[in-house]
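This report concerns only the one structure given below.
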Amino acid sequence: MFRIFKNLGCLAELNKCNRVVEKRCFASKKYADTLNLPKTSFELWGAGKREEDVRRICGFSELYSWQEQQTKRKHFCLHDGPPYANGDPHIGHGLNKILKDVINRYKLLRGYSIHYKPGWDCHGLPIELKALSENEDDFRKLSPPEIRKKARKFAEKAIDRQMKAFKKWGIMADWDSGCYFTFDKEYEASQLRLFHQMYQKGFIYRDLKPVNWSPSSRTALAEAELEYNTNHVSQSIYIKFPVSRLPGKLADYISDLYAAIWTTTPWTIPANEAICYMPAKDYCVVQCTETRERLLLAAERVEEMAQIWGKNFETIVYFEGSHLEGGCCLHPAIPGKTVPLLPAAHVKMSMGTGLVHTAPAHGPEDYGVAIQFNLPVHCMVDEDGIFSPEVGQHLAGKNILTDANDIVIEMLRASGNLLMQSNYMHSYPYDWRTKQPIIIRPSKQWFINTGAIKDRAMECLQTVEMLPSHALNSMRAQLEGRTFWCISRQRVWGVPIPVFYHRETGEPFITSESVNHVTDLIQKHGSDCWWELPMEELLPDNVAAKCSFKSSEFVKGEDILDIWFDSGSSWSHVLKDANEQADLYLEGEDQYGAWFQTSLLTSVAVNDRAPYRNLLVHGFTLDSEGRKMSKSLGNVVDPDVIVSGGENKKTDPVYGADVLRWRLAESSWLTRVQIGPELFAMTNQSILKVRNTIRYFLGNLYDFDPSVDLQPHADLLPIDKYMLHLLYDYGSKVTAAYDSYEFSEVTATITELIHGKISAFYLDTMKDRLYAEVFDSLERRSCQTVLYHMLEVIVRSIAPITPHLAEEAFLHSPDAVSIFKTGWFHCDRSWHQPELAVVFGALCGIRETFLATIHAPQSREYDVTICTSDPQLLGYLHELQQETTSCTSHLSELMMASFTTVATETEMPRTEGSIHVDSSIGVPLSDVESYTNYSLLIQPASHYHCNRCRKHTAEVPSQPCSRCLQAMSGGWE
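Right, dumping it as structure tokens:
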């Protein structure tokens, strides 16, 4: 029975507690209508659909055209390097396009008129191959017009997919009529005019050059048409070239001396024209203890050669490779022929002997040596891979990939110059169609003489501002080794080289009249006309007659221009209305030797200057672990999944375009960009924090009319002035970061302000004043003025990176138009108050000590006394609180306590149960920061809980405090 009554007593006590809670809740609800609580329709969730609505409502598609029509603006031109139209949009596209858009949108906000025309590279072998692989038609049975039709259709589909993605990412452009495509007839005509200008200046010529050649299909192949057989077996041989001459003191060692070389293509030995060495490496003469022969080898290759050959060597003399200059050897298979020893940069020490067999007709590096030293480039192999009669009776008519190798090896064995023979398994290029090995053989091609341009190009690069800092050296290094640029391709999907060839002599026919006539035809009909119109229309008799020829004497050329000439000439077409020079080129680091360089070479050749004033180079995208993305690893990030979500929205949620943009902008994009699902999830949280802060601004500005309620700076409360000082500092930093393209610094500065100063400090501190003061009081309007300025500055500062979020926030302002039509933010000079920042810097340190000592959300349940004998710190405290004790002072608001007392050490009250904290804080004295001591006495609140403002400031239980009574009554008691 006792136990029952005891339980009933507990129940009664519980009910009593519940009634107290209910009473407080009822009281809170009763006063809720008297508070200035936030009101806004600005949502926190729903990125995907919301962004679509923002793009439509805010006129994303019309913005570029609008800014083009604005007059009296500065001009900024960013020339878009055309992505290849051969696949779906990927994260690399996202990085490139979004970085460009951030720059363009920032420049637009700063009052510039933007020149930006997105482009696509539409020609070339990869597109042609993909188009042909889409069906089972035998490519050999298709005519050039049929192949071109298929390739164009494939490119158009790829362009459509990529363009839709770019629009969804918020890229600002005139997508309907402001793009360029390298297969447009006007673009093709501009390209041919540039070709003609360079030809007239002597920069374009025709010559013989080694290319990848497939004997099995009798055609030249581009790199993309090769596949590599890792199990290919070649006949590897080491052979001796008798040394006939060595310069200087080395001549003493010439007796019975041989230069040893290694090759996996024995059939190229008859075409040998030189032996190459590395001038900066050490070489030596060694003597074989078994045969007494002397061999010339690289010093660091001696030990391995001895092991491979099973010989013992005694070193006779060491010397630097440069001492070999002027030396000669006898050819091991052609009696009476001598070949020189020549320096070359391509000689490697990782395999072979350190001396490299050089056959200019059958290797790209070999050909480069031939050009440098004027060696003959003579090809004795026909289109079927058969030796011609001039090679001699033993080899004439033999297939170089089968019979010829064995015959050459036997010839070397017979002459005593074969050191060793073995099989060598390695990776070797094959024709992707026939699955047969290819060879390197020369054919007539068209070239640009980059050797005649690159010195001036180097000079022009000195006038270009580049990021990152090593970009200039990378550009120079890529240019340095380029003596020629082959611009002809043996394909049909591209712009034809406008050259005709004499039927009998094979000599090219190219005149100003013939090129201009073909160019006019292409501008009118497109480049298809080269394959569709008859010869008499392509080369009329009246054009040929000017050179005393008839049209019937010629055939049209079958070569097309290299796609790098296609894209490298883009400045001549796209930048016609920008004086053929852009303010900025921005592409990936793979373009040092590609688009950056081809654009530079063509522009320097014609205009004697670089086509860009500034060059920005971004890195490649990697996964979150720093690995290259590949389907086999399963780490490929699809930007469409990030923006629109995957099939499973739980594992692949809808983040929206702004999350993609923010993540790419905040990355260290000048080096390597790491991305992954977990990183996008973190980015989403960052943007939600920004979004929630903007939502809070809007919610507390629902009754604020800036034309009436905006307070002058002089009338603002001290803490509000302090926040505007921080906002001024923020504005300066973020503007400087945008100007220097440091977008990661922009996002870091935004995050620091919102997380560290606004959300965790100001909004938490001001909540009481915003909600509890009279709606039109100076105290509330002062805070609203700061919120208004913060909203203006922050929303504009994030707009280049997150345009959807910025536009959506701006829609909630009266008579809103696109934020990008209204300009950059303005921070008034009067906001900059470093002296006030010193005061709050010190006092915020005291605040942090107080809040760290107690549980911060319970700060209003305490009174705090701040004690110090330091006159400077006392001065700071008295600036915010004149009275000894206050619950309404600026200091009390800053401390977030119910009552705050300022006292000296001698006045320090001692109360039983209080918390006592001793600490120190840095206070600047002139230019030196000194530390001063202070103490905190923290006690439970001495007053009753106010059910309206929830501070312990009420004189009577269950009644509002005097401040709240006055706010509710409007001053009427």
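Its first residue numbered 1, the sequence shown is counted upward by one per residue in the working numbering.
C-beta: ideal position from N, C-alpha, C; glycine also.
Quick caveat, the model's predicted, so the values are computed rather than measured.
Among residues of its own chain, excluding the 5 on either side of residue i, which ones have a beta-carbon nearer than 7 Å to its beta-carbon?
i, result
"Tyr876", "Val839, Ala842 and Leu843"
"Tyr771", "Leu35, Asn36 and Leu37"
"Pro803", "Arg105 and Gly170"
"Asp709", "Arg781 and Gln784"
"Val956", "Tyr944"
"Lys628", "Leu622"
I need the DSSP call for residue i, collapsed to helix, strand or coil.
i, result
"Asp101", "helix"
"Ser892", "helix"
"Cys287", "According to the sequence as given, residue 287 is Gln; it is not Cys. Reduced to three states, the DSSP call for Gln287 is strand."
"Arg441", "strand"
"Phe680", "helix"
"Ala274", "strand"
"Ala259", "strand"
"Val708", "helix"
"Cys961", "coil"
"Leu539", "coil"
"Glu507", "coil"
"His878", "helix"
"Thr434", "coil"
"Val495", "coil"
"Tyr762", "helix"
"Lys951", "coil"
"Ser551", "helix"
"Val339", "strand"
"Leu848", "One point to set straight first is that residue 848 is Glu, not Leu, in the sequence displayed. Three-state result, Glu848: helix."
"Glu62", "helix"
"Trp213", "strand"
Who does residue i pair with in a DSSP beta bridge?
i, result
"Asp282", "Glu320"
"Arg294", "Leu257 and Gln287"
"Ile204", "Ile448"
"Phe500", "Phe509 and Lys556"
"Ser488", "Leu561"
Between which two residues does the beta strand (DSSP E) containing residue i stretch?
i, result
"Thr230", "Leu226 to Arg245"
"Leu418", "Leu418 to Asp431"
"Ala582", "Ala582 to Gly588"
"Ala903", "Phe899 to Ala903"
Give me, in chain order, the residues of the same chain whose beta-carbon lies closer than 8 Å to that of residue i; leave out the 5 immediate sequence neighbours on both sides.
i, result
"Ser744", "Ala665, Glu666, Ser667, Ser668 and Trp669"
"Phe373", "Ala274, Pro340 and Leu342"
"Thr765", "Ile719, Glu893, Leu894 and Met896"
"Ile915", "Thr853, Ile854, Leu936, Leu937, Ile938 and Gln939"
"Gln162", "Pro83, Ala85, Asp88, Pro89, His93 and Trp120"
"Leu1007", "The requested residue 1007 is not part of the displayed model; the chain covers only 1 to 973."
Only counting the same chain, and skipping five residues up and downstream in sequence, which positions put a Cβ closer than 6 Å to that of residue i?
i, result
"Ala189", "Thr519, Ile522 and Gln523"
"Leu324", "Tyr277 and Leu341"
"His426", "none"
"Met968", "Thr34"
Quick check on the DSSP output: the alpha helix (DSSP H) that includes residue i runs from which residue to which?
i, result
"Cys460", "Lys454 to Leu461"
"Leu660", "Ala657 to Glu666"
"Thr598", "Trp595 to Asn607"
"Arg413", "Asp403 to Ala414"
"Ile675", "Careful: Ile675 lies outside any alpha helix (DSSP H), inside the beta strand (DSSP E) at Val673 to Ile675."
"Glu304", "Val302 to Trp309"
"Met475", "Ala471 to Glu480"
"Arg613", "Arg613 -> not in any alpha helix (DSSP H); beta strand (DSSP E) instead, spanning Tyr612 to His618."
"Glu751", "First, the residue type needs correcting, since residue 751 is Thr and not Glu in the sequence shown. Note, Thr751: alpha helix (DSSP H), Phe743 to Thr751."
Open item on the list: I want to know whether the segment 105-115 touches the segment 799-814 - three or more CB-CB distances under 8 Å.
Closed with: yes
Open item on the list: Could you check whether the segment 610-621 touches the segment 577-591, counting it as contact only if at least three pairs of C-beta atoms, one from each stretch, sit closer than 8 Å?
Closed with: yes
TODO: Count the C-beta pairs between the segment 432-446 and the segment 244-251 that are closer than 8 Å, then say yes if the count reaches three, no if not.
DONE: no
Open item on the list: If contact is defined by three or more beta carbon pairs under 8 Å, each pair taking one atom from either stretch, is the segment 716-733 in contact with the segment 807-815?
Closed with: no
Open item on the list: Under 8 Å, with one C-beta from each stretch per pair, do the segment 856-875 and the segment 929-949 reach the 3-pair mark?
Closed with: yes
- [ ] For the segment 155-166 and the segment 111-126, state whether three or more C-beta atom pairs, one from each stretch, are separated by less than 8 Å.
- [x] yes
- [ ] Flag this pair as touching only if the segment 414-432 and the segment 211-220 have three or more C-beta atom pairs under 8 Å; answer yes or no.
- [x] yes
Open item on the list: Any contact between the segment 351-371 and the segment 286-302? By contact I mean 3 or more CB pairs, one from each, below 8 Å.
Closed with: yes
Open item on the list: For the segment 824-835 against the segment 721-740, do three or more pairs of beta-carbon atoms, one drawn from each stretch, fall closer than 8 Å, so that the two count as touching?
Closed with: yes
Task: the segment 540-553 touching the segment 474-493, judged by at least three CB pairs closer than 8 Å - done: no
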